[in-house]
């Protein structure tokens, strides 16, 4: 048995005893039962498995567990807590903040069709809005297409709804700024 | 939502029977009037208020707490049924849509079966069930309130009359009531003589004509009610079929044959020191590695793949030669034909002016973002449970039972969400389910099979290549007087499960024919003849069944409309007419005329013939063009207008704007339709500009996203939506069609920009620059 690897996942310390080469995706899904990130291409070509690692988007299908050791992972299940922490919300405020503005925008704009890729899309949106709080349509398209290692792909074709939702989330986050 | 007495007749065609009284809760169960056997299971209980759920299969439960459970075998495939099914039921019951919970797809918990692409059919079912139930509830209220039905009104599930009020929940309080709904049809079974290898795709349908609301009385339908499946998908709460786990479950990775036709010579082996808990499992040409650890299964499967020996095989023509292979095939008679054969042939022969063209497309595929996955549990007692995302649960159930030669009742299919699949499972096959069932049976343990992307893009069924010869006769004024099309393609009805084929287990067969899928928009074309020819799969005799043709979103019509609308655009140009004016001159259909005018106006369409006066077929700067196409499908009318920019020298085509118009009768949910229209355009652009399955003589080679390219967000143009809703034409299908509008409109726009007709999909830079160079050389 390999030495346990310790990492932070959605704000909680987790210790995992798995082969350090195991893709982080399998660890999140099978060991930690976080099924937000999903298996897509398995080769960092689609974005369905994306999470934030120390605030940067990574593709967990090609990221070994060992690479995440000591780092902070955020999946869509952890986005509400991420938002609460970013806004410095008190415990009572945090309890009423049930969703990250990106998640709320995804619901308000009725973005998902099948929804399979949308976990990765929301991660990409959170990452984009952290760097550019007021992106134009062209900047959103650029971010979702040209950010390495690959475009975020949606086969249902929800790109236009995603753009609407990113812009709605940007407005909501601006309104919530302190 | 409020409704006073609407236009419905107040006589109740069915009566409620009371099965007994209960101390707590109470419910009205609306179930089937004919006996059907269901695999009632203890875990099918739906909560505390369910009364004897193991024996009653209900369409609807009206519960004492004023919640309503609705059950349908049809499923959410991403087009919003979790929005518009509750809307439709709520409309007829006069309740809030939010009070309705949907249970979908599970064969032991839903009554009707049917395929999830059957929007109109399935929605009509639940609408009728709700309408029958509403009348029965009024009858019940009349008795309990002592007020005649004619004096009752219902608002948000509360019945009022004679100064008294009772909610639906109070009406059923303390009772176990049953309402029997008349039905017809049957659940599907494999049928070797049927077109799709199955007896029926529609399942059970509701019979009779209960009084239903008129469109003018609608309060909920027509509003943008949100789709119920969305919030849990946003927070990560949804359990998808890829998330399902069972105690003792093994993870499997399949080891596919070296080529499409290879047979297994010797299976590879596992180094137990490296992979101590992995195991090779084989049946015929079905080879897999299972392990309690998914990562071990992945690694060990790679190792087994590297050491397995397969026979050589090369029986494919190669994707570059596929049209030639079709031309060499002896096609026999058309398998489908529409129109007037003698008159059309005579008119074309007598024509003084005739235009002819050949349109073609290679293989394309559904290409879900999530490769297919399934979990199966085959018990020692012979019972089989499958967790899947098939859009045809009852059909899949029938295919699994047939494969194992076991009774239908021994199989339960449980439906869960998963990646969109765009028609791939409508016929009940083509997934990982057969693999999982076979492996579970062999290992005696629950097995989860996760296909890889490479596997999904190489081994799943495909939308076949086709070629169409089409010609039209024009009179002196340029009006079309006769049109003939002949389309040639392998069939698209082969949903045999890959696992069953490779393992050599029984499967259905289906006829190698195709059908005329167009709905004719041009009543002012006096003579038309559409012929469609079918043939078996390419490499049909190989061990895997070859390139298994299957339907894909807007099947048949997507392909046939490309040829038809392409030729209409060519004829308009030959006649020197604006392509929209030309279409208006060939139809008297008021719905089409209205939509064409509205969409053209929204797109700022400039009336003039194509090509554009600045059109060029060479040069390194961009030229612009615009094109149009129309379609009628399932009582819905559609118009697509594309604006493109083409760099002739490089062949690069950029779609700069797409305007889509839709008139599907009464629009049920404008926002969901807006989303479907825009996303359909994205899928259509992807197909028009990028997609093609490539294969050499032995195997598919487009097996990842850099080889099977689909549209990215940056490549999506501005998409403008025009919706026309009307109250006098019933409902039309809204979730297909949009994808099929793109290719012909873009083709027309490329012609407008360059003066050259692109007749071969996709419009990649390589294809377009080769076409323009060839034309330039001839010019």
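Protein chains in written order, with our numbering: chain A, 11 to 188; chain B, 37 to 815.
Glycine included, C-beta positions come from ideal geometry on N, C-alpha and C.
Would you report the Cα separation of residue 109/A and residue 620/B, rounded to the nearest angstrom? 51 Å
Along the alpha helix (DSSP H) that carries residue 156/A, what are the first and last residues, could you check? 147 to 156
Chain-ordered chain B contacts of residue 12/A [CB-CB under 9 Å]: Residues of chain B passing the Cβ test: none, with the nearest at roughly 12 Å.
Assigned exposure category for residue 524/B - 16 Cβ within 10 Å defines buried: buried
Cβ-based neighbour list, residue 490/B, same chain, cut-off 8 Å, excluding 5 preceding and 5 following: 739, 740
Please determine, among 150/B, 135/B, 103/B, the residue with the shortest C-alpha to C-alpha distance to residue 112/B. 150/B
Chain-order list of residues whose beta-carbon lies under 8 Å from that of residue 814/B (same chain, five-residue window excluded): none
Please name the residue or residues paired with residue 519/B in a DSSP beta bridge. 508/B, 564/B
Per-residue DSSP class, three states only, for residue 137/B: strand
Bridge-paired residues (DSSP) for residue 393/B: 506/B
Since residue 755/B meets chain A, which of its residues come closer than 7 Å, beta carbon to beta carbon? 170
Whether or not the segment 301 to 309 of chain B and the segment 354 to 366 of chain B are in contact is what I'm after, with contact meaning three or more pairs of Cβ atoms, one per stretch, closer than 8 Å; do they touch? no
Element boundaries [beta strand (DSSP E), containing residue 694/B]: 688 to 699
Let me confirm a value: residue 714/B is counted as buried when at least 16 other C-beta atoms fall within 10 Å, else exposed. Which label applies? buried
What is the rounded straight-line gap between the Cα of residue 454/B and the Cα of residue 610/B? 48 Å
When the cut-off is 8 Å and only beta carbons count, does residue 77/A lie next to chain C? Although the question refers to chain C, the structure presented lacks it and instead comprises the protein chains A and B.
For residue 155/A, would you say it is in contact with chain B, using Cβ-to-Cβ distances shorter than 8 Å as the test? yes
Where residue 423/B meets chain A, residues with beta-carbon distance less than 9 Å: What residue 423/B touches in chain A: nothing, since even the nearest Cβ is about 14 Å away.
Quick one: which chain B residues come within Cβ less than 9 Å of residue 48/A? 276, 278, 279, 405, 406, 455
Three-state class that DSSP yields for residue 62/A in the structure shown: strand
Selected residue, minimal CA-CA separation from residue 275/B, among 162/B, 250/B, 440/B, 450/B: 450/B
Using a Cβ distance threshold of 8 Å, determine whether the segment 591 to 604 of chain B contacts the segment 541 to 555 of chain B, with at least three qualifying pairs required. yes
Specify the secondary structure class of residue 589/B as computed by DSSP and reduced to three states. coil
Can you give me the C-alpha to C-alpha distance between residue 775/B and residue 696/B, rounded to a whole angstrom? 10 Å
Locate the alpha helix (DSSP H) running through residue 673/B, then write down its first and last residues. Not the alpha helix (DSSP H): residue 673/B falls in the beta strand (DSSP E), residues 672 to 683.
What did DSSP end up calling residue 552/B once you bin it into helix, strand or coil? coil
Give the residues of chain A in contact with residue 759/B, contact being defined as C-beta atoms less than 8 Å apart. By Cβ distance, chain A contributes nothing, its closest Cβ being about 15 Å from residue 759/B, past 8 Å.
Assuming residue 602/B and residue 795/B make a contact with CB atoms under 8 Å, what is their CB distance in whole Å? 6 Å
As a quick exercise: from 644/B, 376/B, 487/B, pick the residue whose alpha carbon is nearest that of residue 565/B. 376/B
Of all Cβ atoms in chain B, is any one closer than 8 Å to the Cβ of residue 165/A? yes
Can you have a look at residue 180/A and say buried or exposed, based on whether 16 or more other CB atoms are within 10 angstroms of its CB? buried
Assuming residue 694/B contacts residue 647/B under a Cβ cut-off of 8 Å, what Cβ separation, rounded to an integer in Å, is found between them? Actually they are not in contact, since the Cβ atoms of residue 694/B and residue 647/B sit about 20 Å apart, beyond 8 Å.
Give a yes or no on whether the minimum CB-CB distance between residue 76/B and chain A is below 8 Å. Residue placement at residue 76/B is flagged as unreliable, the pLDDT there being 32, under the threshold of 50; the coordinate-derived value follows with that caveat. No, residue 76/B lies away from the interface with chain A (no Cβ there is under 8 Å from its Cβ).
Nearest-angstrom beta carbon gap, residue 402/B and residue 458/B [assumed within contact, 8 Å]: 5 Å
Are residue 464/B and residue 572/B touching if we call contact CB-CB under 8 Å? no
Helix, strand or coil for residue 526/B? Go by DSSP, reduced to three states. strand
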